[in-house]
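Heads up: the structure comes next, in structure tokens.
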Amino acid sequence: MSITTWPDDERPREKLLQRGAAALSDAELLAIFLRIGAPGISAVDLARDLLKQHGGLRTLLGLDQAEFCATRGLGPAKYVQLQAVLELARRYLEETLQRGDAIQSVADTHRYLMAKMRHHPHEVFAVLFLDNKHRVIQYEELFFGTIDSSSVHPRQVVKRALYHNAAAVIVAHNHPSGVAEPSRADELITLRLKEALALLDVRLLDHVVVGDGDVVSLAARGVI
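Just so you know, the sequence shown maps onto residues 1 to 224 in the UniProt record's numbering.
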């Protein structure tokens with residue numbers, strides 16, 4: 001059945017206009033991007049099939065050009081559109097925390113870190129350096145690979161904090177599995193970094209673990 005025959009409150013575009021984008025499922029949002037389905041299948045059903053085939057949005061949106069264009073209902077034009085949309089989203093979020101801007105919102109910080117880190121195929125440990133008014137000095141990715149207590153070196157974080165003359169830092173790392181739940185190793189890294197930075201009167205404000213669609217704050221968990 002064509003989407004045009006559906007009730008207005010079930011059509012993705014009309015539903016978004018009436019209730020906002022947050023009310024739509026992943027499949028409905030993807031269907032708006034696709035615009036049309038394939039022979040014998042609506043855009044929403046095609047979107048559901050694509051999400052099921054690739055295991056969710058994260059994998060689907062992370063496909064390289066060859067894999068993306070080889071998928072039913074997709075092609076070069078859609079790949080170009082998708083890359084443009086993703087880059088626009090990243091740039092929009094980066095503008096919320098430009099160099100010299102003071103951090104106004106924990107939620108904005110989390111969205112910024114998600115935009116920076118969630119699509120890495122491997123683990124990355126990053127640091128957001130701040131001045132004494134919590135204005136952004138620099139974002140740097142320092143460690144790569146398996147992020148554990150032996151691979152994250154507090155001395156290097158301290159060295160970069162001194163270089164930037166930072167008064168505070170927020171550290172973050174991603175979980176490529178998509179699950180943002182911190183491990184015991186994550187807690188141990190946090191405590192080691194807090195102690196090392198405190199020797200220089202640099203505050204560790206938070207350690208954020210980035211998953212596929214959410215983040216977990218170790219400060220909110222009481223670890224810091």
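Here a beta-carbon is modelled for each residue, glycine too, at the ideal position from N, C-alpha and C.
As the structure is a prediction and not an experimental result, all values here were calculated from the model.
- Spanning the alpha carbons of Ser217 and Glu28 requires a straight line of approximately 29 Å.
- The C-beta separation of Ala166 from Phe143 comes to about 17 Å, leaving the pair out of contact by the 8 Å criterion.
- Within the same chain, Cβ atoms closer than 7 Å to the Cβ of Leu24 are found at Pro12, Lys15 and Leu16, the five residues on either side in sequence being excluded.
- Contact holds between the region 117-129 and the region 167-180, because three or more Cβ pairs, one in each stretch, are under 8 Å apart.
- Judged by beta-carbon spacing, Ala161 lies within the 8 Å limit of Leu197, meaning their Cβ atoms are closer than that value.
- In terms of Cα proximity to Glu94, the closest of Gly178, Gln138, Lys52 and Gly37 is Gln138.
- For Val210, the enclosing beta strand (DSSP E) has its first and last residue at Arg203 to Val210.
- Judged by their CB atoms, Val169 and Val215 are not nearer to each other than the 8 Å cut-off.
- Taking a contact as a CB-CB distance under 8 Å, the pair Gly73 and Leu34 counts as one, their CB atoms being some 7 Å apart.
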